[in-house]
Amino acid sequence: MSRAVHDASGDTLAENAPDVSTADALAILRKHYDLAGTAQPLPGERDHNFHVRTDGEGEFVLKISHPAEDAGFTDFQNKALDHIRLVDPTLPVPFVRKSLQGAAQFAVSVDGSAPRMIRLVTYLPGQLLARSPVSAAQDRNLGIFLARLGRALRGFFHPAAGSDLLWDIRKIAKTRPMMAHIADPRRRAMVERVIDAFEEHAAPVIPKLRAQIVHNDMNSYN
Numbered sequence: 148m149s150r151a152v153h154d155a156s157g158d159t160l161a162e163n164a165p166d167v168s169t170a171d172a173l174a175i176l177r178k179h180y181d182l183a184g185t186a187q188p189l190p191g192e193r194d195h196n197f198h199v200r201t202d203g204e205g206e207f208v209l210k211i212s213h214p215a216e217d218a219g220f221t222d223f224q225n226k227a228l229d230h231i232r233l234v235d236p237t238l239p240v241p242f243v244r245k246s247l248q249g250a251a252q253f254a255v256s257v258d259g260s261a262p263r264m265i266r267l268v269t270y271l272p273g274q275l276l277a278r279s280p281v282s283a284a285q286d287r288n289l290g291i292f293l294a295r296l297g298r299a300l301r302g303f304f305h306p307a308a309g310s311d312l313l314w315d316i317r318k319i320a321k322t323r324p325m326m327a328h329i330a331d332p333r334r335r336a337m338v339e340r341v342i343d344a345f346e347e348h349a350a351p352v353i354p355k356l357r358a359q360i361v362h363n364d365m366n367s368y369n
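So the sequence shown is residues 148 to 369, counted in my numbering.
The structure is reproduced here in structure tokens:
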């Protein structure tokens, strides 16, 4: 992975997290949530995730963070979900299930690894957008949902919201070193022109614009 990704994302994207077995996941559920059932691994960019089907208490997603993930960033996510649930409780978003000790998150060493943040959120059933038929109605409903989500996040702030992520359009200049990996010279030149134009025209005025926390990563798998 390039130095630029490592610098902007820390070790959470530059280094793979140690594996977590299904047995480890079930042991965490029993010890910290008094839950029993089954656990199915799910894909995750940084976390290890498990779809949990409990014996009579519903379905959840157990999230075991990368050892290098900052606890403030996972707390940011938890607090955002709490805020959304308070402002617009009808929005279909997960909510955090607290541990037996009343914690929204806590650190545990999994199979000898460095401590990792543990969280449990409710599972939202349904079909991935990528596997659903595309329609105008679907597009409209998706837009409505994102607008409601953005409105629900108005007024929410967290100290970790300033995390230095390459997904933040304001950080586009940090992607310049990655252009070296674009083999096609024409495509590489096109990307360079876009970055140049952004830095010349957009970057100077962005600090003057209104801003708030938004989801900002809607895609058919997310």
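Cβ coordinates follow ideal geometry from the N, Cα and C atoms, glycine included.
It should be emphasised that the depicted structure is a prediction, and the values quoted were computed from it without experimental measurement.
How long is the line joining the alpha carbons of residue i and residue j, rounded to whole angstroms?
i, j, result
"I291", "L300", "14 angstroms"
"P354", "N363", "18 angstroms"
"R335", "S212", "35 angstroms"
"K321", "K210", "29 angstroms"
"N163", "E192", "10 angstroms"
"A294", "P324", "34 angstroms"
"R266", "A330", "41 angstroms"
"S256", "G302", "35 angstroms"
"L238", "Q274", "17 angstroms"
"T169", "D181", "16 angstroms"
"I316", "F304", "19 angstroms"
"I319", "I342", "7 angstroms"
"L271", "W314", "25 angstroms"
"H348", "V338", "15 angstroms"
"F223", "A344", "32 angstroms"
"V240", "N366", "16 angstroms"
"A261", "G249", "23 angstroms"
"Q359", "G297", "9 angstroms"
"D286", "N369", "15 angstroms"
Any idea what DSSP makes of residue i, helix, strand or coil?
i, result
"R334", "helix"
"F209", "Note that residue 209 is Leu in the sequence shown here, rather than Phe. Residue state, collapsed to three classes: strand."
"F253", "strand"
"D273", "First, the amino acid is wrong: residue 273 is Gly here, not Asp. Three-state result, G273: coil."
"Q359", "coil"
"T237", "coil"
"R232", "helix"
"I175", "helix"
"V341", "helix"
"L300", "coil"
"P354", "helix"
Taking the beta carbon of residue i as the centre, do at least 16 other beta carbons fall within 10 Å, making it buried, or is it exposed?
i, result
"D171", "buried"
"L289", "exposed"
"V254", "Reading off the sequence shown, one finds Ala at residue 254, where the question assumed Val. Exposed is the call here."
"R333", "exposed"
"F242", "exposed"
"L247", "exposed"
"D194", "buried"
"R357", "exposed"
"A284", "exposed"
"V361", "exposed"
"R177", "exposed"
Considering only DSSP beta bridges, list what residue i is partnered with.
i, result
"A186", "V199"
"M264", "A254"
"V167", "None; V167 has no bridge partner."
"V281", "Its beta-bridge partners do not exist; DSSP assigns none."
Mind checking if residue i is an interface residue toward chain C, Cβ cutoff 8 angstroms exclusive?
i, result
"R335", "In the structure shown, chain C does not exist; there is a single protein chain."
Inset, instruction - Say whether the stretch 307–315 touches the stretch 270–278, bearing in mind that this needs 3 or more beta-carbon pairs closer than 8 angstroms, one atom from each stretch. - result: no
Inset, instruction - Count the CB pairs spanning the stretch 199–207 and the stretch 221–239 that are closer than 8 angstroms, and state whether there are at least three. - result: no
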